[in-house]
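In this text, residue positions in the sequence shown follow full-length UniProt numbering: the first is 1, and each later residue adds one. Where a beta carbon is used, it is the ideal one built from N, C-alpha and C, also for glycine. Predicted, not measured: the structure shown is a model, and the values here were computed from it. Comments concern the structure below.
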Amino acid sequence: MTAEPIPKTQTVALVRQLGGPVEFQHDYPVPTPGPNEVLAKVLYTGVCQSDLHTKSGTAAGADGKPITKIKLPHIGGHEGVGRIIALGPGCSDDLRIGGLVGIRFSSRICRRCEFCLAGVEQYCIKSTNHLHHEDGSFQEYIALDADYLTILPDDVDPKLIGPVLCAGVTAYKAVLNANVKVGQWLVVVGAGGGLGHLAVQYARAHGASVIGVDKGDDKRAFVLSLGAAEFIDFTKTPDVIQEVQRITNGGAHAVVVTAGNAKAFAHAAEMLRVGGTLSCVGIPPGRPFLETPISTIVIRGLKITGNLVGSLKECLEAVELTRRGIVTPNVSVRPFKELPQVYEELEKGDISGRIVLQVAN
Ligand SMILES: [Zn+2]
Ligand SMILES: [Zn+2]
């Protein structure tokens with residue numbers, strides 16, 4: 001079943017060799033949806049820091065070593081929003097041509113392992129994803145597993161939803177893990193970035209008072225406009241930990257570190273008050289460590305958590321918060337062909353909010 005003529009070839013942004021340049025190829029085959037797959041036309045996609053690390057060959061795995069098992073040529077993109085244009089054989093009839101779907105980090109799961117059964121299927125032992133194993137949303141057409149499909153409501157803005165599907169759900173889960181109550185202090189380190197600006201909003205939605213840490217006057221204005229109570233410019237503040245301790249009168253209840261930089265994580269736990277939670281997301285390249293003394297963790301009763309994105313259910317909760325205007329990603333839309341420049345800007349850390357590429361017309 002199809003809705004519109006489907007071309008045989010398409011434009012994709014690919015990397016032939018990790019560390020190599022991004023190239024646009026215009027005659028890449030359009031996938032044919034197999035059994036229980038849908039074919040979606042990619043409308044928009046966010047650009048995530050993990051895409052940058054993966055294409056550069058600097059992405060770290062769970063053992064802290066570089067991830068080397070990456071499909072080449074590599075086509076990144078895991079914050080995509082597409083429209084279903086064809087159904088493969090055997091798709092159930094609740095799927096509809098024209099419906100909006102998300103292209104997320106997780107692409108396929110086994111549904112049988114303990115993590116799938118526990119509702120944390122992003123940790124599935126047999127999972128595949130759009131970052132390392134399958135072509136992602138930096139292409140005009142994509143085949144998706146119909147049984148693990150991210151079905152989006154019809155009334156969402158496809159330009160806004162892309163960033164919710166990775167940065168959003170990741171920041172949302174990090175704030176859930178921080179477990180803050182109304183009025184408690186939550187620090188977001190990297191508050192002006194893709195993950196950070198969403199973490200500020202989820203924390204506000206949970207009733208926390210937010211302190212944003214980032215650099216520069218633009219990000220100060222941006223982070224305060226999102227509802228943060230305080231902003232600390234780490235380039236102008238001699239001792240950020242002391243400043244957090246001062247504002248919060250003894251330490252924050254939670255710190256969410258969203259920065260792509262290892263230094264931001266090293267001493268973040270020292271911003272916490274007794275019983276506080278350090279919530280780590282985003283994966284800095286290399287094999288950096290937290291440098292919190294064990295005595296600090298024990299004597300102050302600290303909790304340290306991390307999360308790899310979130311489950312599909314949590315992702316759809318984050319989508320709903322955006323649909324209802326409670327959390328709004330700050331996006332600037334650029335043409336697909338500007339992906340190489342966007343990577344350069346991401347590397348410099350200049351981007352406030354998220355860049356979204358318009359992929360297909
Ligand atoms: Zn991502
Ligand atoms: Zn599984």
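- Cβ-based neighbour list, Lys348, same chain, cut-off 7 Å, excluding 5 preceding and 5 following: For Lys348, same chain residues with a beta-carbon under 7 Å away, outside a window of 5 residues either side, do not exist.
- Task: May I ask you to report which of helix, strand or coil DSSP gives Leu144?
- Result: Leu144: strand per DSSP, three-state reduction.
- Delimiting residues of the beta strand (DSSP E) encompassing Ser106: For Ser106, the enclosing beta strand (DSSP E) starts and ends at 106-108.
- With Ile304 and Leu278 assumed to form a contact (beta carbons below 8 Å), what rounded beta-carbon distance in angstroms separates them? Contact holds; Cβ gap of about 5 Å.
- Item | Terminal residues of the alpha helix (DSSP H) in which Tyr172 lies | Element bounds for Tyr172: 169-178.
- Task: Tell me where the beta strand (DSSP E) around Thr11 begins and ends.
- Result: 9-14 is the extent of the beta strand (DSSP E) around Thr11.
- Message: Could you give the first and the last residue of the continuous alpha helix (DSSP H) run that contains Lys159?
- Response: First-last of the alpha helix (DSSP H) with Lys159: 158-163.
- Message: Considering only the alpha carbon of each residue, which of Glu4, Glu314, Gly136, Gly90 lies closest to Thr45?
- Response: For the residues Glu4, Glu314, Gly136, Gly90, the minimum Cα distance to Thr45 belongs to Gly136.
- How would you label Gly286, buried or exposed, when you count the other beta carbons within 10 angstroms and need 16 or more for buried? By the neighbour-count rule (16 or more Cβ atoms within 10 Å), Gly286 is not buried but exposed.
- Task: With distances taken Cα to Cα, identify the nearest neighbour of Gly179 among Gly190, Ala203, Lys159.
- Result: Looking at the sequence shown, residue 179 is not Gly but Asn. The shortest C-alpha to C-alpha distance from Asn179 to any of Gly190, Ala203, Lys159 is the one to Ala203.
- Short check: CB of Ala86 to CB of Leu39, under 7 Å? In contact: Ala86 and Leu39 (Cβ atoms closer than 7 Å).
- Where do the ends of the beta strand (DSSP E) carrying Pro29 lie? Here the beta strand (DSSP E) through Pro29 covers 23-29.
- Task: Collect the residues with a C-beta less than 5 Å away from any heavy atom of ligand 1 and give them in sequence order along the chain.
- Result: Ordered along the chain, the selected set is Cys48, Ser50, Cys166.
- Would you tell me roughly how many angstroms separate the C-alpha atoms of Ser107 and Glu79, rounded to the nearest one? The alpha-carbon atoms of Ser107 and Glu79 are separated by roughly 12 Å.
- Could you tell me the distance, in whole angstroms, from the CA atom of Ala259 to the CA atom of Lys173? Each residue's CA atom was taken as its position, placing Ala259 and Lys173 some 16 Å apart.
- Item | Cβ-based neighbour list, Cys166, same chain, cut-off 8 Å, excluding 5 preceding and 5 following | Apart from sequence neighbours up to five positions away, the residues of its chain that approach Cys166 with a beta-carbon distance below 8 Å are Gly46, Cys48, Ser50, His78, Glu79, Arg104, Phe105, Val309, ordered along the chain.
- How is Val187 classed by DSSP in three states: helix, strand or coil? Annotated three-state conformation of Val187 is strand, per DSSP.
- CA-to-CA distance, Ile211 to residue 436, given in whole angstroms: In the structure displayed, the chain extends from 1 to 361; residue 436 sits before or after that span and is not available.
- Query: Say the cut is 6 Å; is the CB of Cys280 nearer than that to a heavy atom of ligand 2?
  - Reply: No - ligand 2 has no heavy atom lying nearer than 6 Å to the Cβ of Cys280.
- Item | Reduced DSSP category for Val327 - H, G, I as helix; E, B as strand; rest coil | Coil.
- Message: Taking 6 Å as the limit between beta carbons, can you name the residues of its chain near Ile283, skipping five residues before and five after?
- Response: Hits under 6 Å: Ala60.
- Under 7 Å between the Cβ atoms of Val22 and Ile75? Taking 7 Å as the cut-off, the beta carbon of Val22 is found no closer than this to the beta carbon of Ile75.
- Item | Element boundaries [alpha helix (DSSP H), containing Arg287] | Element bounds for Arg287: n/a, residue is neither H nor E.
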